[in-house]
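In what follows, a single structure is set out as structure tokens and then discussed.
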Amino acid sequence: MHRLFVALRPPPPIRAHLAATMEGVPRARWQDDEQIHLTLRYIGEVDRRAAEEIVLALGHVHAAPIEVALAGVGGFEKKGRTDALWAGVTPHDALAALHRKVDHALIRVGLAPEGRAYLPHITLARLSRNAGFGPEIERWLATHAALSSPVFRLDYLTLFESHLGGEAARYEVVERWPLG
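Going by full-length UniProt numbering, the first residue of the sequence shown is number 1, and it counts up by one from there.
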């Protein structure tokens, strides 16, 4: 089985800028440079045949390169606790349009449509139940609330395979398509 997702990779200077924020929350599992991405669509586990169909379908998705900038930070909550910290990006329109194109391409090969609202973001850390406490998380959010960057381009649509194990997932590029 192949655990897949579709994403965009920020350029190295933006990834370095994000890495500079990754401290101050005890036991947070911060993303390393190879893990920093902006997810367009999580696919999940599929067999080899489905993975091949997904590659073909995504090869027909066309969009112009997307220009965005970092815009603040936030956290996702699950069962009353923060379980992830993220950086926002803006504007959302082109990203949301590309998300819809990717979703429609995947629906055409038999995958279920995305079940949740799309919020463009870059995950910076995952938090286990015992990672940090409210004050550390709140302090990190306040310290980085004004996170911003110059406008940068996202030039490639990438299909990744996620390999779980150990402390962190490892992401492998399956296929990459230029935007434009």
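For each residue, glycine too, the CB sits at the ideal point set by N, CA and C.
Inter-residue CB distance, residue i and residue j (contact presumed, cutoff 8 Å)
{"i": "residue 58", "j": "residue 89", "result": "Wrong, their Cβ atoms sit about 21 Å apart, outside the cutoff."}
{"i": "residue 144", "j": "residue 21", "result": "5 Å"}
{"i": "residue 68", "j": "residue 95", "result": "7 Å"}
{"i": "residue 29", "j": "residue 126", "result": "5 Å"}
{"i": "residue 237", "j": "residue 70", "result": "Lying before the first or after the last residue shown, residue 237 is absent from the chain, which here runs from 1 to 180."}
Per-residue burial, residue i [other beta carbons within 10 Å of its own, 16 or more giving buried]
{"i": "residue 25", "result": "buried"}
{"i": "residue 99", "result": "buried"}
{"i": "residue 104", "result": "exposed"}
{"i": "residue 2", "result": "buried"}
{"i": "residue 4", "result": "buried"}
{"i": "residue 73", "result": "buried"}
{"i": "residue 6", "result": "buried"}
{"i": "residue 108", "result": "exposed"}
{"i": "residue 120", "result": "buried"}
{"i": "residue 10", "result": "buried"}
{"i": "residue 164", "result": "exposed"}
{"i": "residue 27", "result": "exposed"}
Closest Cα partner of residue i within the set the options
{"i": "residue 64", "options": "8, 136 and 175", "result": "8"}
{"i": "residue 172", "options": "178, 165 and 159", "result": "159"}
{"i": "residue 176", "options": "54, 27, 32 and 12", "result": "54"}
{"i": "residue 118", "options": "11, 49, 93 and 139", "result": "93"}
{"i": "residue 178", "options": "163, 156 and 97", "result": "156"}
{"i": "residue 162", "options": "37, 83, 153 and 81", "result": "37"}
{"i": "residue 116", "options": "42, 87, 56 and 164", "result": "42"}
{"i": "residue 75", "options": "51, 123, 12 and 128", "result": "123"}
{"i": "residue 77", "options": "47, 27, 134 and 44", "result": "134"}
{"i": "residue 138", "options": "180, 83 and 154", "result": "83"}
{"i": "residue 146", "options": "106, 111, 87 and 174", "result": "87"}
{"i": "residue 47", "options": "27, 111, 61 and 153", "result": "111"}
{"i": "residue 13", "options": "56, 152 and 180", "result": "152"}
{"i": "residue 23", "options": "141, 174 and 165", "result": "141"}
{"i": "residue 180", "options": "18, 174 and 62", "result": "62"}
{"i": "residue 34", "options": "154, 27 and 19", "result": "19"}
Neighbour flag for residue i against chain C, beta carbons, 8 Å
{"i": "residue 35", "result": "The chain inventory of the structure shown lacks chain C, comprising one protein chain alone."}
Exercise for the section: Any chance you could list the beta strand (DSSP E) runs of at least 3 consecutive residues sitting entirely within the region 52–106, in chain order? Expected result: 66–78 and 81–90
Exercise for the section: Any chance you could list the beta strand (DSSP E) runs of at least 3 consecutive residues sitting entirely within the region 23–50, in chain order? Expected result: 38–46
Problem - Entirely enclosed beta strand (DSSP E) segments - the region 107–152, minimum 3 residues - result: 121–126
Practice task
Please specify which runs of the beta strand (DSSP E), each continuous and at least 3 residues long, are wholly inside the region 152–180, giving them in chain order.
Solution key: 152–154, 156–163 and 170–178
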